[in-house]
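Colleague: My questions all concern the structure below.
Residue numbers (the working numbering): 3 to 415.
And the structure:
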(Lines of atoms letter the chains of each structure in order from A; the text may use other names.)
(Lines give C-alpha, C1' and ligand atoms only; values in the text may rest on other atoms or scores of the structure.)
Protein backbone atom coordinates (compact mmCIF):
# COMPACT_ATOMS: atom_id res chain seq x y z
CA UNK A 3 0.00 0.00 0.00
CA UNK A 4 1.17 3.52 -0.75
CA UNK A 5 2.73 4.86 2.44
CA UNK A 6 1.15 8.29 2.14
CA UNK A 7 -2.65 8.42 2.56
CA UNK A 8 -4.73 10.95 0.71
CA UNK A 9 -7.70 13.00 1.79
CA UNK A 10 -11.18 12.52 0.40
CA UNK A 11 -10.88 15.81 -1.51
CA UNK A 12 -7.60 14.61 -3.05
CA UNK A 13 -9.28 11.32 -4.02
CA UNK A 14 -12.10 13.25 -5.68
CA UNK A 15 -9.64 15.35 -7.63
CA UNK A 16 -7.73 12.26 -8.76
CA UNK A 17 -11.00 10.71 -9.94
CA UNK A 18 -12.00 13.88 -11.81
CA UNK A 19 -8.55 14.22 -13.37
CA UNK A 20 -8.76 10.70 -14.77
CA UNK A 21 -12.23 11.43 -16.11
CA UNK A 22 -11.22 14.72 -17.75
CA UNK A 23 -13.32 16.88 -15.41
CA UNK A 24 -10.74 18.44 -13.10
CA UNK A 25 -10.10 21.59 -15.11
CA UNK A 26 -11.89 23.29 -18.01
CA UNK A 27 -10.58 22.78 -21.55
CA UNK A 28 -7.72 25.11 -22.41
CA UNK A 29 -8.47 25.35 -26.13
CA UNK A 30 -11.31 24.94 -28.59
CA UNK A 31 -12.31 21.32 -29.18
CA UNK A 32 -11.06 19.43 -32.22
CA UNK A 33 -12.77 16.53 -33.95
CA UNK A 34 -10.10 14.10 -32.71
CA UNK A 35 -10.91 15.06 -29.12
CA UNK A 36 -14.14 13.05 -29.27
CA UNK A 37 -12.31 9.75 -29.76
CA UNK A 38 -9.66 10.77 -27.23
CA UNK A 39 -12.32 11.59 -24.67
CA UNK A 40 -14.02 8.21 -25.13
CA UNK A 41 -10.61 6.52 -24.94
CA UNK A 42 -9.99 8.24 -21.62
CA UNK A 43 -13.35 7.18 -20.14
CA UNK A 44 -13.20 3.75 -21.84
CA UNK A 45 -16.97 3.96 -22.35
CA UNK A 46 -19.60 6.50 -23.38
CA UNK A 47 -23.09 5.35 -22.41
CA UNK A 48 -25.89 5.77 -24.95
CA UNK A 49 -29.37 6.95 -24.00
CA UNK A 50 -32.18 8.39 -26.10
CA UNK A 51 -33.94 10.78 -23.68
CA UNK A 52 -33.72 14.23 -25.24
CA UNK A 53 -35.49 16.88 -23.15
CA UNK A 54 -32.02 18.33 -23.35
CA UNK A 55 -29.31 16.99 -25.64
CA UNK A 56 -28.98 13.21 -25.51
CA UNK A 57 -26.66 11.86 -22.85
CA UNK A 58 -23.57 10.98 -24.92
CA UNK A 59 -23.44 14.50 -26.32
CA UNK A 60 -23.84 15.96 -22.81
CA UNK A 61 -21.02 13.84 -21.41
CA UNK A 62 -18.70 15.07 -24.15
CA UNK A 63 -19.80 18.69 -23.70
CA UNK A 64 -18.99 18.53 -19.98
CA UNK A 65 -15.40 17.70 -20.92
CA UNK A 66 -14.82 19.37 -24.29
CA UNK A 67 -16.95 22.49 -24.07
CA UNK A 68 -18.56 23.74 -27.26
CA UNK A 69 -18.33 21.24 -30.13
CA UNK A 70 -20.56 20.15 -33.04
CA UNK A 71 -22.67 17.12 -32.11
CA UNK A 72 -22.11 15.53 -35.50
CA UNK A 73 -18.50 14.90 -34.51
CA UNK A 74 -19.70 11.92 -32.48
CA UNK A 75 -21.45 10.44 -35.52
CA UNK A 76 -18.34 11.15 -37.61
CA UNK A 77 -16.19 9.37 -35.03
CA UNK A 78 -18.44 6.31 -35.18
CA UNK A 79 -18.66 6.31 -38.99
CA UNK A 80 -14.86 6.56 -39.28
CA UNK A 81 -14.50 3.49 -37.02
CA UNK A 82 -12.59 5.30 -34.28
CA UNK A 83 -15.19 3.95 -31.85
CA UNK A 84 -17.81 1.21 -32.01
CA UNK A 85 -21.04 0.34 -30.23
CA UNK A 86 -21.30 -2.52 -27.77
CA UNK A 87 -23.09 -3.79 -24.71
CA UNK A 88 -20.87 -2.94 -21.74
CA UNK A 89 -22.04 -0.82 -18.78
CA UNK A 90 -25.21 -0.60 -20.88
CA UNK A 91 -25.34 0.27 -24.58
CA UNK A 92 -22.12 2.23 -25.07
CA UNK A 93 -19.60 3.65 -27.48
CA UNK A 94 -16.15 2.21 -26.81
CA UNK A 95 -12.69 2.79 -28.32
CA UNK A 96 -12.04 0.65 -31.40
CA UNK A 97 -8.78 -0.44 -29.74
CA UNK A 98 -10.93 -2.39 -27.27
CA UNK A 99 -13.02 -4.18 -29.89
CA UNK A 100 -11.61 -7.66 -29.35
CA UNK A 101 -11.87 -7.63 -25.57
CA UNK A 102 -15.50 -6.48 -25.61
CA UNK A 103 -16.49 -8.99 -28.27
CA UNK A 104 -14.79 -11.80 -26.40
CA UNK A 105 -16.31 -10.85 -23.05
CA UNK A 106 -19.80 -10.46 -24.52
CA UNK A 107 -19.51 -13.81 -26.24
CA UNK A 108 -18.32 -15.76 -23.22
CA UNK A 109 -19.37 -13.97 -20.05
CA UNK A 110 -21.76 -11.06 -20.57
CA UNK A 111 -24.90 -11.37 -18.45
CA UNK A 112 -27.33 -8.82 -19.87
CA UNK A 113 -30.91 -9.10 -21.05
CA UNK A 114 -29.99 -7.92 -24.55
CA UNK A 115 -27.31 -10.56 -24.96
CA UNK A 116 -29.43 -13.21 -23.25
CA UNK A 117 -32.41 -12.60 -25.52
CA UNK A 118 -30.13 -12.65 -28.54
CA UNK A 119 -28.80 -16.06 -27.55
CA UNK A 120 -32.36 -17.37 -27.28
CA UNK A 121 -33.28 -15.99 -30.70
CA UNK A 122 -30.14 -17.57 -32.15
CA UNK A 123 -31.68 -20.91 -31.19
CA UNK A 124 -35.38 -20.34 -31.85
CA UNK A 125 -35.22 -18.10 -34.94
CA UNK A 126 -31.88 -18.86 -36.57
CA UNK A 127 -33.34 -19.21 -40.09
CA UNK A 128 -34.77 -15.68 -39.86
CA UNK A 129 -31.46 -14.31 -38.59
CA UNK A 130 -29.59 -15.99 -41.43
CA UNK A 131 -32.04 -14.63 -44.00
CA UNK A 132 -31.57 -11.11 -42.64
CA UNK A 133 -27.79 -11.56 -42.69
CA UNK A 134 -27.98 -12.66 -46.32
CA UNK A 135 -30.02 -9.53 -47.11
CA UNK A 136 -27.41 -7.26 -45.51
CA UNK A 137 -24.59 -9.15 -47.21
CA UNK A 138 -26.22 -8.71 -50.62
CA UNK A 139 -27.70 -5.23 -50.27
CA UNK A 140 -25.50 -3.39 -47.80
CA UNK A 141 -26.16 -1.64 -44.51
CA UNK A 142 -29.74 -1.34 -43.27
CA UNK A 143 -31.85 0.52 -40.72
CA UNK A 144 -34.83 -1.04 -38.98
CA UNK A 145 -37.02 1.51 -40.78
CA UNK A 146 -36.05 -0.12 -44.08
CA UNK A 147 -38.48 -2.90 -43.22
CA UNK A 148 -42.21 -2.26 -43.28
CA UNK A 149 -44.15 -3.20 -40.18
CA UNK A 150 -47.54 -4.89 -40.51
CA UNK A 151 -50.08 -2.60 -38.85
CA UNK A 152 -50.53 -3.35 -35.18
CA UNK A 153 -48.06 -6.21 -35.08
CA UNK A 154 -45.12 -5.92 -32.74
CA UNK A 155 -42.82 -8.22 -30.86
CA UNK A 156 -42.21 -8.54 -27.12
CA UNK A 157 -39.33 -6.02 -26.97
CA UNK A 158 -41.15 -2.66 -26.64
CA UNK A 159 -43.47 -3.73 -29.48
CA UNK A 160 -40.55 -3.94 -31.91
CA UNK A 161 -41.20 -5.48 -35.29
CA UNK A 162 -39.47 -8.77 -36.00
CA UNK A 163 -36.73 -7.25 -38.13
CA UNK A 164 -35.79 -4.79 -35.39
CA UNK A 165 -35.52 -7.64 -32.87
CA UNK A 166 -33.46 -9.70 -35.29
CA UNK A 167 -31.15 -6.77 -36.06
CA UNK A 168 -30.63 -6.13 -32.36
CA UNK A 169 -30.02 -9.82 -31.75
CA UNK A 170 -27.43 -10.01 -34.52
CA UNK A 171 -25.79 -6.89 -33.09
CA UNK A 172 -25.68 -8.38 -29.57
CA UNK A 173 -24.26 -11.62 -30.98
CA UNK A 174 -21.54 -9.68 -32.79
CA UNK A 175 -22.60 -10.74 -36.28
CA UNK A 176 -23.65 -7.19 -37.14
CA UNK A 177 -22.12 -3.92 -35.97
CA UNK A 178 -23.31 -0.33 -36.08
CA UNK A 179 -21.72 1.24 -39.14
CA UNK A 180 -23.04 4.73 -38.41
CA UNK A 181 -26.06 6.58 -37.09
CA UNK A 182 -28.51 8.68 -39.06
CA UNK A 183 -30.57 11.07 -36.93
CA UNK A 184 -29.39 8.90 -34.04
CA UNK A 185 -30.94 5.78 -35.62
CA UNK A 186 -28.66 2.77 -35.91
CA UNK A 187 -27.41 1.63 -39.30
CA UNK A 188 -26.38 -2.04 -39.20
CA UNK A 189 -23.80 -3.77 -41.39
CA UNK A 190 -21.76 -6.95 -41.37
CA UNK A 191 -19.19 -6.83 -38.60
CA UNK A 192 -16.31 -7.60 -40.95
CA UNK A 193 -17.27 -4.65 -43.16
CA UNK A 194 -17.38 -2.24 -40.22
CA UNK A 195 -14.20 -3.64 -38.64
CA UNK A 196 -12.12 -5.49 -41.26
CA UNK A 197 -9.58 -6.40 -38.58
CA UNK A 198 -12.04 -9.05 -37.43
CA UNK A 199 -11.03 -11.09 -40.48
CA UNK A 200 -7.52 -11.41 -39.06
CA UNK A 201 -6.78 -14.20 -36.58
CA UNK A 202 -6.38 -13.14 -32.95
CA UNK A 203 -5.01 -14.98 -29.98
CA UNK A 204 -7.71 -16.52 -27.83
CA UNK A 205 -8.03 -15.02 -24.35
CA UNK A 206 -9.51 -16.98 -21.47
CA UNK A 207 -12.38 -15.69 -19.37
CA UNK A 208 -10.16 -15.03 -16.35
CA UNK A 209 -7.79 -12.94 -18.44
CA UNK A 210 -10.72 -11.00 -19.91
CA UNK A 211 -11.92 -10.19 -16.39
CA UNK A 212 -8.45 -9.01 -15.42
CA UNK A 213 -8.15 -6.76 -18.47
CA UNK A 214 -11.53 -5.16 -17.81
CA UNK A 215 -10.67 -4.75 -14.12
CA UNK A 216 -7.53 -2.84 -15.09
CA UNK A 217 -9.40 -0.67 -17.58
CA UNK A 218 -12.04 0.17 -14.98
CA UNK A 219 -9.47 1.10 -12.33
CA UNK A 220 -7.65 3.29 -14.85
CA UNK A 221 -10.83 5.02 -16.05
CA UNK A 222 -11.97 5.76 -12.50
CA UNK A 223 -8.64 7.22 -11.36
CA UNK A 224 -9.23 5.91 -7.87
CA UNK A 225 -11.76 3.32 -6.79
CA UNK A 226 -12.71 0.89 -4.10
CA UNK A 227 -12.73 -2.80 -5.03
CA UNK A 228 -16.51 -3.01 -4.76
CA UNK A 229 -16.99 -0.31 -7.40
CA UNK A 230 -14.81 -1.86 -10.09
CA UNK A 231 -17.21 -4.37 -11.64
CA UNK A 232 -20.01 -1.83 -12.16
CA UNK A 233 -17.98 0.13 -14.71
CA UNK A 234 -18.21 -2.61 -17.35
CA UNK A 235 -21.02 -4.51 -15.57
CA UNK A 236 -18.87 -7.58 -15.05
CA UNK A 237 -19.60 -10.28 -12.51
CA UNK A 238 -19.09 -10.80 -9.62
CA UNK A 239 -18.67 -7.77 -7.37
CA UNK A 240 -15.04 -7.62 -6.30
CA UNK A 241 -13.44 -7.81 -2.88
CA UNK A 242 -10.03 -6.47 -1.93
CA UNK A 243 -8.49 -9.92 -2.26
CA UNK A 244 -9.56 -10.01 -5.93
CA UNK A 245 -7.10 -7.20 -6.66
CA UNK A 246 -4.15 -8.76 -4.84
CA UNK A 247 -2.62 -10.12 -8.05
CA UNK A 248 -2.80 -6.73 -9.78
CA UNK A 249 -1.25 -5.07 -6.73
CA UNK A 250 1.50 -7.69 -6.51
CA UNK A 251 2.32 -7.26 -10.21
CA UNK A 252 2.57 -3.50 -9.84
CA UNK A 253 -0.32 -2.83 -12.24
CA UNK A 254 -2.38 -1.28 -9.43
CA UNK A 255 -1.42 0.56 -6.23
CA UNK A 256 -3.36 0.33 -2.97
CA UNK A 257 -3.91 3.69 -1.30
CA UNK A 258 -5.38 4.65 2.07
CA UNK A 259 -8.04 7.36 1.85
CA UNK A 260 -9.00 9.32 4.95
CA UNK A 261 -12.46 8.35 6.14
CA UNK A 262 -12.83 5.25 3.96
CA UNK A 263 -13.44 1.86 5.53
CA UNK A 264 -11.69 0.18 2.59
CA UNK A 265 -8.52 0.88 0.58
CA UNK A 266 -8.52 2.76 -2.68
CA UNK A 267 -6.90 1.50 -5.88
CA UNK A 268 -5.01 3.56 -8.45
CA UNK A 269 -3.75 2.23 -11.77
CA UNK A 270 0.01 2.41 -12.33
CA UNK A 271 -0.58 4.60 -15.38
CA UNK A 272 -1.80 7.29 -12.95
CA UNK A 273 1.31 7.22 -10.74
CA UNK A 274 2.12 10.84 -11.58
CA UNK A 275 -1.45 11.93 -10.82
CA UNK A 276 -1.33 10.09 -7.51
CA UNK A 277 1.87 11.92 -6.53
CA UNK A 278 0.26 15.24 -7.42
CA UNK A 279 -2.82 14.35 -5.40
CA UNK A 280 -0.69 13.38 -2.40
CA UNK A 281 1.18 16.68 -2.70
CA UNK A 282 -2.07 18.65 -2.94
CA UNK A 283 -1.21 19.79 -6.46
CA UNK A 284 -4.41 18.66 -8.20
CA UNK A 285 -6.67 21.71 -8.19
CA UNK A 286 -10.29 21.36 -9.28
CA UNK A 287 -11.36 24.44 -11.25
CA UNK A 288 -13.99 23.08 -13.63
CA UNK A 289 -17.74 23.65 -13.36
CA UNK A 290 -20.15 21.75 -15.61
CA UNK A 291 -23.60 20.23 -15.86
CA UNK A 292 -23.30 16.44 -15.90
CA UNK A 293 -25.48 13.90 -17.64
CA UNK A 294 -27.29 11.41 -15.38
CA UNK A 295 -25.36 8.78 -17.36
CA UNK A 296 -21.94 10.34 -16.81
CA UNK A 297 -19.45 7.82 -15.39
CA UNK A 298 -18.89 10.14 -12.43
CA UNK A 299 -22.47 9.67 -11.19
CA UNK A 300 -23.81 6.46 -12.73
CA UNK A 301 -22.78 4.39 -9.67
CA UNK A 302 -24.98 5.63 -6.82
CA UNK A 303 -22.82 4.12 -4.05
CA UNK A 304 -19.59 5.51 -5.50
CA UNK A 305 -21.10 8.97 -5.92
CA UNK A 306 -22.35 8.95 -2.36
CA UNK A 307 -18.97 7.90 -0.94
CA UNK A 308 -16.80 10.17 -3.08
CA UNK A 309 -19.02 13.26 -3.22
CA UNK A 310 -21.58 12.80 -0.42
CA UNK A 311 -24.11 13.07 -3.26
CA UNK A 312 -26.99 10.60 -3.36
CA UNK A 313 -28.23 10.63 -6.95
CA UNK A 314 -31.13 8.74 -8.44
CA UNK A 315 -32.59 9.22 -11.91
CA UNK A 316 -36.31 9.97 -11.57
CA UNK A 317 -37.53 9.86 -15.18
CA UNK A 318 -39.10 6.45 -14.51
CA UNK A 319 -40.70 7.65 -11.26
CA UNK A 320 -44.33 8.89 -11.38
CA UNK A 321 -44.33 12.68 -11.63
CA UNK A 322 -46.08 13.21 -8.30
CA UNK A 323 -43.41 11.17 -6.52
CA UNK A 324 -40.35 12.88 -7.99
CA UNK A 325 -38.19 14.86 -5.62
CA UNK A 326 -36.02 16.82 -8.06
CA UNK A 327 -37.41 16.36 -11.58
CA UNK A 328 -37.61 14.28 -14.74
CA UNK A 329 -34.06 14.37 -16.13
CA UNK A 330 -31.91 16.00 -13.49
CA UNK A 331 -28.35 17.07 -14.26
CA UNK A 332 -25.88 16.95 -11.35
CA UNK A 333 -23.90 20.18 -11.01
CA UNK A 334 -20.14 19.74 -10.70
CA UNK A 335 -18.39 22.80 -9.30
CA UNK A 336 -14.66 22.86 -8.57
CA UNK A 337 -14.39 19.28 -7.38
CA UNK A 338 -17.76 19.00 -5.64
CA UNK A 339 -21.30 18.06 -6.63
CA UNK A 340 -23.22 21.03 -5.24
CA UNK A 341 -26.69 20.84 -6.76
CA UNK A 342 -29.10 19.53 -9.38
CA UNK A 343 -30.71 21.07 -12.43
CA UNK A 344 -33.89 19.88 -14.13
CA UNK A 345 -33.88 21.52 -17.55
CA UNK A 346 -35.70 21.43 -20.86
CA UNK A 347 -34.39 22.83 -24.13
CA UNK A 348 -37.23 24.48 -26.07
CA UNK A 349 -35.38 24.44 -29.35
CA UNK A 350 -38.01 26.08 -31.52
CA UNK A 351 -38.26 29.06 -29.14
CA UNK A 352 -34.55 29.24 -28.38
CA UNK A 353 -35.27 28.94 -24.66
CA UNK A 354 -33.35 26.86 -22.12
CA UNK A 355 -35.81 26.38 -19.28
CA UNK A 356 -34.48 25.72 -15.81
CA UNK A 357 -37.55 23.92 -14.53
CA UNK A 358 -35.94 23.37 -11.14
CA UNK A 359 -32.58 24.27 -9.63
CA UNK A 360 -31.76 22.66 -6.28
CA UNK A 361 -28.83 23.47 -4.02
CA UNK A 362 -27.43 20.33 -2.41
CA UNK A 363 -29.04 19.95 1.04
CA UNK A 364 -26.86 21.43 3.76
CA UNK A 365 -24.98 23.76 1.40
CA UNK A 366 -25.17 27.51 0.89
CA UNK A 367 -23.59 28.58 -2.39
CA UNK A 368 -20.86 31.18 -2.25
CA UNK A 369 -20.85 34.08 -4.70
CA UNK A 370 -18.11 32.26 -6.63
CA UNK A 371 -20.17 29.07 -6.87
CA UNK A 372 -23.23 31.03 -7.97
CA UNK A 373 -21.23 32.72 -10.72
CA UNK A 374 -19.67 29.43 -11.82
CA UNK A 375 -23.04 27.67 -12.02
CA UNK A 376 -24.61 30.57 -13.92
CA UNK A 377 -21.76 30.42 -16.44
CA UNK A 378 -22.16 26.64 -16.81
CA UNK A 379 -25.91 27.00 -17.40
CA UNK A 380 -25.39 29.72 -19.99
CA UNK A 381 -22.64 27.69 -21.69
CA UNK A 382 -24.97 24.70 -21.97
CA UNK A 383 -27.84 26.87 -23.16
CA UNK A 384 -25.69 28.42 -25.90
CA UNK A 385 -24.45 25.00 -27.02
CA UNK A 386 -28.04 23.73 -27.20
CA UNK A 387 -28.95 26.62 -29.50
CA UNK A 388 -31.32 27.92 -26.80
CA UNK A 389 -29.46 30.99 -25.53
CA UNK A 390 -32.34 32.51 -23.56
CA UNK A 391 -32.30 31.02 -20.06
CA UNK A 392 -35.62 31.00 -18.20
CA UNK A 393 -35.61 30.23 -14.47
CA UNK A 394 -38.89 28.62 -13.39
CA UNK A 395 -38.19 27.38 -9.87
CA UNK A 396 -35.28 27.17 -7.43
CA UNK A 397 -34.71 25.68 -4.02
CA UNK A 398 -34.16 27.79 -2.00
CA UNK A 399 -36.64 30.15 -3.66
CA UNK A 400 -34.46 33.23 -3.15
CA UNK A 401 -31.81 31.68 -5.38
CA UNK A 402 -33.93 32.52 -8.44
CA UNK A 403 -33.32 36.26 -8.14
CA UNK A 404 -29.59 35.84 -7.61
CA UNK A 405 -29.32 33.42 -10.54
CA UNK A 406 -31.24 35.73 -12.89
CA UNK A 407 -28.94 38.59 -11.86
CA UNK A 408 -25.84 36.46 -12.50
CA UNK A 409 -27.13 35.39 -15.92
CA UNK A 410 -27.96 38.99 -16.80
CA UNK A 411 -24.42 39.96 -15.88
CA UNK A 412 -23.05 37.31 -18.24
CA UNK A 413 -25.19 38.65 -21.08
CA UNK A 414 -23.93 42.18 -20.47
CA UNK A 415 -20.26 41.21 -20.34
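Idealized CB from N, CA, C, for every residue including glycine.
The structure displayed is predicted, hence computed values, not measured ones.
1. Quick one: residues in its chain with C-beta nearer than 7 Å to the C-beta of residue 242, no 5 flanking neighbours on either side, listed in chain order?
2. Can you tell me whether residue 221 is buried or exposed? The criterion is at least 16 other CB atoms within 10 Å of its CB, across all chains shown.
3. Give me the residue from 335, 391 and 194 with the minimum Cα distance to residue 405.
4. Taking the CB atoms as reference points, tell me whether residue 61 and residue 204 lie closer together than 8 Å.
5. Considering only DSSP beta bridges, list what residue 47 is partnered with.
6. What residue from 121, 21, 398 and 67 has the CA that sits closest to residue 30's CA?
7. Hey, how far is the Cα of residue 418 from the Cα of residue 354?
8. Confirm, please, whether the CB-CB distance from residue 324 to residue 332 is below 8 Å.
9. What does a CB cutoff of less than 8 Å around residue 108 pick up in its chain, not counting 5 residues either side in sequence?
10. Do you know offhand how far residue 403's Cα is from residue 383's?
11. Could you name each continuous alpha helix (DSSP H) segment of 4 residues or more that falls completely within the region 368-395, going from the start of the chain to the end?
12. Considering only the beta carbon of each residue, do residue 106 and residue 86 sit closer than 8 Å?
13. Do the CB positions of residue 471 and residue 84 come within less than 8 Å of each other?
14. With three or more C-beta pairs closer than 8 Å as the rule, is the region 168-181 touching the region 123-137?
15. Using the Cα positions of residue 79 and residue 314, report the straight-line distance between them to the nearest angstrom.
16. Less than 8 Å between the C-beta atoms of residue 270 and residue 255, yes or no?
17. By Cβ distance, which residues of its chain are closer than 8 Å to residue 397, with the 5 residues on each side in sequence left out?
18. Among 303, 59, 232 and 395, which one has its Cα closest to the Cα of residue 50?
19. If I measure Cβ to Cβ from residue 192 and keep anything under 6 Å in the same chain, skipping five residues before and after, which residues do I get?
20. Can you name the start and end residues of the alpha helix (DSSP H) that residue 233 belongs to?
21. Grab the span of the beta strand (DSSP E) containing residue 289 for me, first residue to last.
22. Helix, strand or coil for residue 87 per DSSP?
23. Given this structure, state the Cα-to-Cα distance separating residue 351 from residue 140, to the nearest angstrom.
24. Taking 8 Å as the threshold (C-beta atoms), are residue 202 and residue 100 in contact?
25. Here's the rule I'm using: 16 or more other beta-carbon atoms within 10 Å means buried, otherwise exposed. How should residue 441 be labelled?
26. Alpha carbon to alpha carbon, how far is residue 182 from residue 129? Give it in angstroms, no decimals.
27. Check for me: the beta strand (DSSP E) holding residue 186 runs from which residue to which?
28. Restricting to Cα atoms, I'd like to know which of 365, 334 and 348 is closest to residue 376.
29. May I ask you to check if the CB of residue 140 is nearer than 7 Å to at least one heavy atom of the ligand ADP?
Modeller: A quick look at the data gives this:
1. Here the question's residue 242 lines up with position 240 in the chain shown. Only 227, 264 and 265 meet the Cβ criterion.
2. The residue you call residue 221 lines up with position 219 of the chain shown. Buried.
3. If you number the chain shown from 1, residue 405 lands on position 403. With distances taken between Cα atoms, residue 405 lies closest to 391.
4. Position 59 of the chain shown, counting from 1, holds the residue named residue 61. Position 202 of the chain shown, counting from 1, holds the residue named residue 204. No, the pair does not count as a contact, with Cβ atoms beyond the cut-off.
5. Within the chain shown, the letter at position 45 stands for residue 47. Partner(s): 92.
6. The residue labelled residue 30 in the question sits at position 28 within the chain shown. Residue 67 is the option with its Cα nearest to residue 30.
7. Outside the shown range of the chain, which is 3 to 415, sits residue 418, and nothing can be said about it.
8. For this step, residue 332 is matched to residue 330 along the chain shown. For this step, residue 324 is matched to residue 322 along the chain shown. Cβ distance not < 8 Å, so residue 332 and residue 324 don't count as in contact.
9. The sequence position of residue 108 within the chain shown is 106, counting from 1. Within the same chain, and ignoring the five residues on either side of residue 108 in sequence, the residues whose Cβ sits closer than 8 Å to its Cβ are 207 and 210.
10. Here residue 403 is taken as the residue at index 401 of the chain shown, counted from 1. Here residue 383 is taken as the residue at index 381 of the chain shown, counted from 1. Straight-line measurement puts the Cα of residue 383 at about 19 Å from the Cα of residue 403.
11. Qualifying alpha helix (DSSP H) stretches, in chain order: 369-386.
12. For the purposes of this step, residue 106 is identified with residue 104 of the chain shown, where counting begins at 1. For the purposes of this step, residue 86 is identified with residue 84 of the chain shown, where counting begins at 1. Cβ distance < 8 Å, so residue 106 and residue 86 count as in contact.
13. The first residue shown for the chain is 3 and the last is 415, placing residue 471 beyond what the model contains.
14. yes
15. Position 77 of the chain shown, counted from the first residue, corresponds to residue 79. Position 312 of the chain shown, counted from the first residue, corresponds to residue 314. Spanning the two alpha carbons is a distance of roughly 33 Å.
16. Numbered from its first residue, the chain shown carries residue 270 at position 268. Numbered from its first residue, the chain shown carries residue 255 at position 253. Going by C-beta atoms, residue 270 is nearer than 8 Å to residue 255.
17. As a working note, residue 397 is residue 395 in the chain shown. Closer than 8 Å at Cβ, skipping near neighbours: 358, 359, 360 and 361.
18. As a first step, residue 50 must be located in the chain shown, where it is residue number 48. Of the candidates 303, 59, 232 and 395, 59 places its Cα closest to the Cα of residue 50.
19. Residue mapping note: residue 192 aligns to position 190 of the chain shown, counting from 1. Closer than 6 Å at the Cβ level, and outside the excluded window around residue 192, lie 198 and 199.
20. Residue mapping note: residue 233 aligns to position 231 of the chain shown, counting from 1. 227-234 is the extent of the alpha helix (DSSP H) around residue 233.
21. As a first step, residue 289 must be located in the chain shown, where it is residue number 287. Run containing residue 289: 289-291, per the beta strand (DSSP E) assignment.
22. The residue you call residue 87 lines up with position 85 of the chain shown. In the structure shown, residue 87 sits in a strand (DSSP, three-state: E or B).
23. Within the chain shown, the letter at position 349 stands for residue 351. Within the chain shown, the letter at position 138 stands for residue 140. Roughly 40 Å between the two C-alpha positions.
24. The residue given as residue 100 occupies position 98 in the chain shown. The residue given as residue 202 occupies position 200 in the chain shown. Yes; because the gap between Cβ atoms is below 8 Å, this pair is in contact.
25. Shown here, the chain extends from 3 to 415; a query on residue 441 therefore has no answer.
26. Start at 1 with the first residue of the chain shown, and residue 129 comes out as number 127. Start at 1 with the first residue of the chain shown, and residue 182 comes out as number 180. Answer to the nearest angstrom: the Cα atoms are 23 Å apart.
27. What you label residue 186 is simply residue 184 of the chain shown in a count that begins at 1. That run of the beta strand (DSSP E) goes 185-190.
28. As a first step, residue 376 must be located in the chain shown, where it is residue number 374. With distances taken between Cα atoms, residue 376 lies closest to 334.
29. The ligand ADP is absent from the structure shown, which contains no ligand whatsoever.
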